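2 protein chains.
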Amino acid sequence: MSFVNLKQLAGELGLASSTVSRAMRDSYEISTATRERVKSVARQLNYQPNPYASCLRNNVTKTIGVILPQLDNHFFSLAINGIEEVAQQNGYHVLIYLTHDSGEQEKAVSKYLTSGRVDGILLALASGTRGIGHLEKLKLLGVPIVQFDRVNETLRTATVTTDDYASGYQATEHLLRAGCRKVAHLLVSESLSISSRRLQGYRAALAAHHVPFDADLVLTGTASNDENLRRIARLLTQRPDIDGIFASVERLALSSYQACQQLGIAIPDAIKIIGFSNMETATLLAPALTTITQPAYAIGKEAARILFQAITKHKPVLPAQSLELKSELIARASTACAAR
Amino acid sequence: MSFVNLKQLAGELGLASSTVSRAMRDSYEISTATRERVKSVARQLNYQPNPYASCLRNNVTKTIGVILPQLDNHFFSLAINGIEEVAQQNGYHVLIYLTHDSGEQEKAVSKYLTSGRVDGILLALASGTRGIGHLEKLKLLGVPIVQFDRVNETLRTATVTTDDYASGYQATEHLLRAGCRKVAHLLVSESLSISSRRLQGYRAALAAHHVPFDADLVLTGTASNDENLRRIARLLTQRPDIDGIFASVERLALSSYQACQQLGIAIPDAIKIIGFSNMETATLLAPALTTITQPAYAIGKEAARILFQAITKHKPVLPAQSLELKSELIARASTACAAR
DNA sequence: CTGTTAGCGCATTCAG
DNA sequence: CTGAATGCGCTAACAG
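Line by line, the protein sequences give chains A and B.
If you use the working numbering, the first sequence corresponds to residues 681 to 1020, in order.
If you use the working numbering, the second sequence corresponds to residues 681 to 1020, in order.
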C-alpha cells in the first residue's frame, strides 16, 4: 500500500484529474452526484492530496515557523500551546526551531525560512542575537513576522509582550512596601527587551520611593546556572545589607532561593524574593517566593492570531497591531512581608 | 524583493538551470570554476532552493512530525529539546502537533500525516486513544513511527521508554523501607502504558515486602487538577492510615503535596510522597518531595536517532530496536525518612 | 458540467 | 563538462 494520487483516483473513477480535483475542493461547477461519488471513492482509497504539490502550485504552504530560544522554560511551552491551538483552528501546521539563545543558530534558522518554507514566522529573540540583518532579509522577502516576549524594537513588526516595565515597577514596589531598602536586581542579558524594560521599571520604582539606585546591586546572569548561583551567593556575602531580590526571570529566582538556602539566609524574613515564573510548581511549593506570572498561553494565541490575520489578508504585520498583556503578581507571602 | 528561483539564477549566470542545480549540489561533473561562480552569485542573490519543489521531485520531505499529548508537562518540553537537536543535526525540520490527550485529535493529526507530509513520526500516545487504526494506516503507508514514553504495545514499532516497571518498584520500595505500610498510588489513566507498568511495579514491590495490596489505595486521576486535589484530599481523610503516597506523575505529586498542606498533614513526617518529576524546581523547592527523574532529553534524542536511522536507510523501524532508559531517584529527604 | 493543457521549481535523465 | 527535455502531483485557465 502506498500513497494514492489524483491521477490514480481519476483513473479509478473514469474522470479527468481536474474534475476530481475540483470535486474534492467542493467547486461549484461540479454536480452533486459526481462530487459525492468522487469523495466516496477517495475515502475508500485513502486519497490525501499531496501537500507539497499543492503548495508548489498555490504558493501557500499552510505552515508557520516558530523560533524560540529554548523550551526548558515553562513560559515557552505554554506559549506553544497557544500557538499550536490557533494554528490548528486555521488549518495550519507548525514548524518549530530552537536557537538555544545563540545568535548564530537564529541566523541559520532564519536562512532555512528564506526559501518560502513558511507563510509566516513567530519569533522570540535569542539573547545572543546581535545584528538583525537575517530578520530584515525575511521581512524584505515579504515573510510576515510577529515577535513575542523577547522582541527587537528596531525591527518594525507587530509584537506581543507583557507589561514588562509595569511589572518590573510593581515587583520592586512590592518589595519596597514590604520594608526592603536594598533590593538587588537579577537580569538575563542587557540586550534583551524584557530585561531592559524590567530594569527600567525597577529603577523607576526606586526613584519614586526615594531609594537611591545602586549599580552594584544589579547582576547580569550567564547561561550557566551553577555560575549564576556562585555569583548570587558572592553578591549576598559581599553585601549583607541586601534585604530583597527581584529576579527578572524564573531561573534566577530559583538560583536566588538556592543561594539563600546555602548561605542559611531565611526567606522571607531576612530576605524577600520576587521573581517571574510560569510554573505553578514554584508558587505551590515555595509560598515564600512571590511570583509574577505572565499570561504565556494568551501571548502565544494572540501572536498567532495577529500573524494569521496578516497571512490570510495578505497584509503586512504592522507595529501598530502590537499588544501588551498584563502579568499577575501572586504574593502568597505578602502578609508575612507586610507584618514584618 | 522576492524569492529567486533556479531559472532566474541561471539566467543571471548565463547557464542552464540544470547546470546550476548540479553546481549547487556539488555534483562531480561540474568544473570547480563554474561551481564557485554559481555559488558566489547564488549567495549574492540570496538564492534558496524551494524546498517544496525539491520534495515533490525527490519524494523526500526532510521533515518529521512529532505528536504529543501536551506541553504543560516538563517531560515533553525536554524531550522536544532532544528531538529538535537531533533533527537539526540531520538537516531535518520538525512539525509539532498537540493532541491534548484526546483520541479524536490524535486521529485527526494522523490523517494530516497520511498525505506524505513527513518522512517519519515520533509519537507519544494520547491517554484518550482507544483504537489504533489511524496508526496502523500510517504504518501500512510506509511512514516510519517511533513511539516514546507513552506507547501502545499492540502497534509493532520501536519504542523508547523509561524503566517504568523498575522505577515503580523502586519508588514503592523506597517508601516501604522508610517505614510506610499503607502506600497510596496515584495514576493517570488505566489505559496508559506508563501507568500500568508503574502500577505493576508498585504491586510487585508490595508483594515482595509482604504488604497486602489494597485496591482502595489506588486512585486514578482526571484531566482536572482541581478534581484530582479534591479526590486526593477525600482519600486522605477517609483513610487516615495512609502513610505514604506514590504519585506516578508530576501533577499528581504536586496535588498530593497541596492536599497535605490543606489538610495540615506534615510532610515527610506524617506522610511521605514520592513522584515522578522532570522539574528541577520541584526537587529544589520541596526537599521533602522525593522525586524520580526521567531522562527526558535523552529519550527525545534516542527516539529521533532511531527514526532517522530508519529514514536514511529506508528500513522499517522494528520493535527490536526499542530502548529502555533508566530513571533516577532523587531523595533529598531520604535521611529524614530513614531516621524516623 | 467536464476534459485538455500548461506550469509551479526542481533534479534527473539523455544528448551532446 | 554543459544544455535540453521531462515529470514529480496538483490546480487554474481555457475549451467545449
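Beta carbons: idealized from backbone N, C-alpha and C, even for Gly.
Here the structure is a predicted model, which is why all the values come from computation and not from measurement.
Out of the options, point me to the one whose CA is closest to residue i's CA.
i: Ile972 of chain A; options: A:Glu853, A:Gln688, A:Glu709 and A:Ile763; result: A:Glu853
i: Ser807 of chain A; options: A:Leu856, A:Ser876, A:Ala984 and A:Ser869; result: A:Ser869
i: Pro892 of chain B; options: B:Arg877, B:His865 and B:Arg861; result: B:Arg861
i: Glu833 of chain B; options: B:Leu820, B:Asp843, B:Phe683 and B:Ser873; result: B:Ser873
i: Ala846 of chain A; options: A:Ser1007, A:Gly901 and A:Phe683; result: A:Ser1007
i: Ile747 of chain A; options: B:Val774, B:Glu930, B:Glu1004 and B:Pro920; result: B:Val774
i: His889 of chain B; options: B:Thr900, B:Tyr849 and B:Asn908; result: B:Tyr849
i: His865 of chain A; options: A:Ala851, A:Ala884, A:Val840 and A:Val898; result: A:Val898
i: His994 of chain A; options: A:Ala851, A:Val863, A:Gly800 and A:Glu960; result: A:Gly800
i: Cys735 of chain A; options: A:Ser701, A:Val798, A:Gln768 and A:Ser707; result: A:Val798
i: Ala946 of chain A; options: A:Ala976, A:Ala703, A:Pro920 and A:Arg931; result: A:Pro920
i: Arg684 of chain B; options: B:Val721, B:Ala713, B:Pro975 and B:Thr712; result: At residue 684 of chain B the sequence reads Val, which differs from the Arg that was named. Of the candidates B:Val721, B:Ala713, B:Pro975 and B:Thr712, the one whose C-alpha sits nearest the C-alpha of Val684 of chain B is B:Val721.
i: Leu879 of chain A; options: A:Asp843, A:Glu960, A:Ala858 and A:Glu784; result: A:Asp843
i: Gln769 of chain A; options: B:Gln769, B:Gln768, B:Gln785 and B:Phe755; result: B:Gln785
i: Leu987 of chain B; options: B:Val766, B:Asn726, B:Leu693 and B:Gly694; result: B:Val766
i: Ile1010 of chain A; options: A:Ile760, A:Lys787, A:Pro975 and A:Gly859; result: A:Pro975
i: Ala962 of chain B; options: B:His754, B:Arg810 and B:Ser876; result: B:His754
i: Leu867 of chain A; options: A:Arg705, A:Arg931 and A:Asp829; result: A:Arg931
i: Ile776 of chain A; options: A:Gly783, A:Ala788, A:Lys787 and A:Ile760; result: A:Ile760
i: Ser682 of chain B; options: B:Tyr727, B:Ile710 and B:Arg705; result: B:Tyr727
i: Glu764 of chain A; options: A:Met704, A:Leu1005, A:Glu982 and A:Arg877; result: A:Glu982
Below 7 angstroms on C-beta distance, what does residue i contact in chain A?
i: Ile774 of chain B; result: As written in the sequence, residue 774 of chain B is Val, which differs from the Ile given in the question. Leu775 and Ile776, listed in chain order.
i: Thr841 of chain B; result: The contacting residues do not exist; Thr841 of chain B stays about 21 angstroms from chain A at best.
i: Phe683 of chain B; result: Gly796 and Leu821
i: Leu736 of chain B; result: Tyr732, Ala733 and Leu736
Who are the neighbours of residue i on chain B, taking C-beta pairs under 8 angstroms?
i: Glu982 of chain A; result: Correct list: empty, because the minimum Cβ distance to chain B is about 18 angstroms.
i: Pro731 of chain A; result: Ser795, Gly796 and Arg797
Please check the pair residue i and residue j, which I expect to be a contact at CB under 8 angstroms, by giving their CB distance rounded to whole angstroms.
i: Tyr937 of chain A; j: Ala966 of chain A; result: 7 angstroms
i: Leu805 of chain A; j: Gln827 of chain A; result: 7 angstroms
i: Leu802 of chain B; j: Ala984 of chain B; result: 6 angstroms
i: Val840 of chain A; j: Leu686 of chain A; result: At roughly 40 angstroms, the Cβ-Cβ gap does not stay under 8 angstroms, so Val840 of chain A and Leu686 of chain A are not in contact.
i: Gly980 of chain B; j: Gly762 of chain B; result: 3 angstroms
i: Asp781 of chain B; j: Pro824 of chain B; result: Rounded, the Cβ-Cβ distance is 24 angstroms, inconsistent with contact.
i: Pro729 of chain A; j: Ser790 of chain B; result: At roughly 16 angstroms, the Cβ-Cβ gap does not stay under 8 angstroms, so Pro729 of chain A and Ser790 of chain B are not in contact.
i: Thr680 of chain A; j: Leu943 of chain A; result: Given a span of 681 to 1020 for chain A in the structure shown, any question on residue 680 of chain A remains unanswerable.
i: Asn958 of chain B; j: Ser935 of chain B; result: No, Asn958 of chain B and Ser935 of chain B are not in contact; Cβ-Cβ is about 17 angstroms, not under 8 angstroms.
i: Tyr732 of chain A; j: Tyr732 of chain B; result: 5 angstroms
i: Ser928 of chain A; j: Ser875 of chain A; result: 6 angstroms
Take residue i and list the residues in its own chain whose beta-carbon comes closer than 7 angstroms to its own, dropping the five residues that flank it on each side.
i: Ala895 of chain B; result: none
i: Gly691 of chain A; result: none
i: Gly771 of chain B; result: Lys742
i: Ser757 of chain B; result: Leu751
i: Ser701 of chain A; result: Leu686
i: Ala884 of chain B; result: Tyr849
i: Thr1015 of chain A; result: A caution first: Thr1015 of chain A carries a pLDDT of 39, below 50, which makes its placement in the model unreliable, though a value can still be read off. Taken in chain order, the list of residues that qualify is empty.
i: Cys1017 of chain B; result: With a pLDDT of only 35 at Cys1017 of chain B, under 50, the local geometry of the prediction cannot be trusted, and the value read off the model is given with reservation. The residues are Ala858, Pro948 and Lys952.
i: Ala838 of chain A; result: Val826, Ile986, Val997, Leu998, Pro999, Gln1001 and Ser1002
i: Gln724 of chain B; result: none
Sorted by chain position, which residues of the same chain lie with C-beta nearer than 6 angstroms to residue i's C-beta, five sequence neighbours on each side aside?
i: Thr699 of chain B; result: none
i: Leu856 of chain B; result: His889
i: Val740 of chain A; result: none
i: Gly745 of chain A; result: Leu775, Leu793, Val798 and Ile801
Taking residue i as the query, report the chain A residues whose CB atoms sit under 8 angstroms from its CB, ordered along the chain.
i: Thr741 of chain B; result: Tyr732
i: Asn761 of chain B; result: Gln750, Leu751, Asp752 and Leu778
i: Cys940 of chain B; result: Within chain A, no residue comes near Cys940 of chain B; the closest Cβ sits about 12 angstroms away, beyond 8 angstroms.
i: Lys817 of chain B; result: Asn726
Considering only residues of the same chain and omitting the five flanking positions on each side of residue i, which have a CB-CB separation below 8 angstroms?
i: Ala696 of chain A; result: Ala690
i: Leu886 of chain B; result: Thr852, Leu856, Val863, Pro892 and Phe893
i: Ala913 of chain A; result: Ala939, Gln942 and Leu943
i: Leu693 of chain A; result: Val700, Arg717, Val718 and Val721
Name the chain B residues whose beta carbon is nearer than 9 angstroms to that of residue i?
i: Glu764 of chain A; result: Leu751, Ile776, Tyr777 and Leu778
Using a C-beta to C-beta distance shorter than 9 angstroms, which residues of chain A count as neighbours of residue i?
i: Ala990 of chain B; result: The contacting residues do not exist; Ala990 of chain B stays about 17 angstroms from chain A at best.
Quick one: list the residues of chain B neighbouring residue i, beta-carbon separation under 7 angstroms, in chain order.
i: Ser757 of chain A; result: Leu751, Asp752 and Ser757
Discussion item. Closer than 8 angstroms is the cut-off here; do at least three beta carbon pairs connect the region 715-722 of chain A with the region 915-928 of chain A?
Written reply: Because the criterion of three Cβ pairs below 8 angstroms is not met, the region 715-722 of chain A and the region 915-928 of chain A do not touch.
Fill in: Given 8 angstroms, three or more beta-carbon pairs between the region 816-823 of chain A and the region 953-962 of chain A
When C-beta atoms of the region 816-823 of chain A are compared with those of the region 953-962 of chain A, fewer than three pairs fall below 8 angstroms, so the two segments do not count as touching.
Worksheet item: Just checking, does the region 934-949 of chain A make contact with the region 905-915 of chain A on the three C-beta pairs under 8 angstroms criterion?
Response: Because the criterion of three Cβ pairs below 8 angstroms is met, the region 934-949 of chain A and the region 905-915 of chain A touch.
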